[in-house]
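Residue numbers (our numbering), protein chains in the order written: chain A, 1446 to 1558; chain B, 20 to 134.
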């Protein structure tokens, strides 16, 4: 158990809908990262938050947004969902901002039908 | 964007065999190299983080080396066991701008160890 909690584990929804994925980092970790794993690609970085502030942004679509709350948990919001958004979404956390091992949650498997 | 290449894509070995795989990355703008093990139905688990040229790390039967000047890292598994079966991912981060703090992952090497 990495200590990173992600909910829900599975999510099935329809095109055009909006969903929220939730992540609680390990105790003491200030950074939260979101990654997307789709069938035809490796782990793709979406976004990083550190102590409530956005630190780095990757290939995150405009339909997607995220935030980190004062208690350090994070949410990833996906809206106007398309079939291609179906993927495994991982949250990871680390103590600092960079150059440290990441601790991954168990992921949320999103299926858009 | 940092392009990370891993080879081979997959590997099948017998229990007791030693094996190794390669991770290649751009040598310029390098900051850190990570190795993760990803078992089926689980989440990626960190093995090593290396930053210095010539770094060597070891964890049990698994070890890794780093050459930042030529842009590669090797992961070695000595005496492979069935429980070593997993996908091994490497990732690198850059040292400035948009590459700092984010990891660029390779596609992984899928290892299967047969009893």
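Ideal placement from N, C-alpha and C gives every residue a C-beta, glycine not left out.
Cα-Cα separation, residue i to residue j
i: residue 1549 (chain A); j: residue 25 (chain B); result: 21 Å
i: residue 33 (chain B); j: residue 66 (chain B); result: 22 Å
i: residue 1552 (chain A); j: residue 37 (chain B); result: 31 Å
i: residue 1496 (chain A); j: residue 1516 (chain A); result: 9 Å
i: residue 1473 (chain A); j: residue 1540 (chain A); result: 7 Å
i: residue 1457 (chain A); j: residue 1542 (chain A); result: 33 Å
i: residue 28 (chain B); j: residue 1502 (chain A); result: 28 Å
i: residue 60 (chain B); j: residue 71 (chain B); result: 33 Å
i: residue 1520 (chain A); j: residue 1451 (chain A); result: 10 Å
i: residue 62 (chain B); j: residue 1471 (chain A); result: 14 Å
i: residue 40 (chain B); j: residue 77 (chain B); result: 15 Å
Under 8 Å from the C-beta of residue i: neighbouring residues of chain A
i: residue 68 (chain B); result: 1544, 1545 and 1546
i: residue 65 (chain B); result: 1546, 1547 and 1548
i: residue 169 (chain B); result: Lying outside 20 to 134, the shown extent of chain B, residue 169 (chain B) is not represented and no answer is given.
i: residue 53 (chain B); result: 1546 and 1547
For residue i, the three-state DSSP class (helix, strand or coil)
i: residue 1529 (chain A); result: helix
i: residue 89 (chain B); result: coil
i: residue 1545 (chain A); result: coil
i: residue 58 (chain B); result: coil
i: residue 24 (chain B); result: strand
i: residue 1499 (chain A); result: strand
i: residue 102 (chain B); result: helix
i: residue 1460 (chain A); result: coil
i: residue 73 (chain B); result: coil
i: residue 113 (chain B); result: strand
i: residue 1475 (chain A); result: coil
i: residue 39 (chain B); result: strand
i: residue 96 (chain B); result: strand
i: residue 1486 (chain A); result: coil
i: residue 1454 (chain A); result: coil
i: residue 34 (chain B); result: coil
Amino acids of chain A, ordered along the chain, whose beta-carbon sits closer than 9 Å to that of residue i
i: residue 56 (chain B); result: What residue 56 (chain B) touches in chain A: nothing, since even the nearest Cβ is about 11 Å away.
i: residue 112 (chain B); result: 1543 and 1544
Beta-carbon neighbours of residue i, restricted to chain A and to distances below 7 Å
i: residue 125 (chain B); result: 1487
Presumed contact (8 Å Cβ cut-off) between residue i and residue j, rounded CB distance
i: residue 1499 (chain A); j: residue 1505 (chain A); result: That pair is no contact at about 10 Å.
i: residue 83 (chain B); j: residue 54 (chain B); result: 6 Å
i: residue 1523 (chain A); j: residue 1459 (chain A); result: Incorrect: roughly 13 Å between the Cβ atoms, too far for contact.
Which listed residue (the options) has its alpha carbon closest to that of residue i
i: residue 1466 (chain A); options: A:1479, A:1459 and A:1486; result: A:1479
i: residue 1554 (chain A); options: A:1447, A:1513, A:1518 and A:1534; result: A:1534
i: residue 134 (chain B); options: B:21, B:101, B:92 and B:31; result: B:101
i: residue 171 (chain B); options: B:91, B:77, B:130 and B:69; result: Past the edges of chain B, shown from 20 to 134, lies residue 171 (chain B), and the structure says nothing about it.
i: residue 21 (chain B); options: B:95, B:51, B:98 and B:77; result: B:51
i: residue 1489 (chain A); options: B:131, B:132, B:130 and B:126; result: B:126
i: residue 86 (chain B); options: B:75, B:99, B:96 and B:95; result: B:75
i: residue 1486 (chain A); options: A:1508, A:1448 and A:1529; result: A:1529
i: residue 1453 (chain A); options: A:1526, A:1447, A:1459 and A:1468; result: A:1468
i: residue 1526 (chain A); options: A:1464, A:1547 and A:1475; result: A:1464
i: residue 1475 (chain A); options: A:1546, A:1557 and A:1556; result: A:1546
i: residue 43 (chain B); options: B:132, B:105 and B:124; result: B:124
i: residue 80 (chain B); options: B:69, B:103, B:63 and B:64; result: B:103
i: residue 1537 (chain A); options: B:122, B:106 and B:96; result: B:122
i: residue 1484 (chain A); options: A:1449, A:1532 and A:1544; result: A:1532
i: residue 49 (chain B); options: B:112, B:130 and B:128; result: B:112
i: residue 23 (chain B); options: B:110, B:132 and B:129; result: B:110
Cross-chain neighbours of residue i in chain B, by beta carbon under 7 Å
i: residue 1550 (chain A); result: 62
i: residue 1538 (chain A); result: Going along chain B, no residue has its Cβ under 7 Å from residue 1538 (chain A), so there is no contact; the nearest lies around 12 Å.
Under 9 Å from the C-beta of residue i: neighbouring residues of chain B
i: residue 1535 (chain A); result: 62 and 63
Interface residues of chain B facing residue i [CB-CB closer than 8 Å]
i: residue 1447 (chain A); result: 62 and 64
Distance cut-off 7 Å: residue i Cβ against heavy atoms of the ligand PLP
i: residue 73 (chain B); result: This structure does not include the ligand PLP; it has no bound ligands of any sort.
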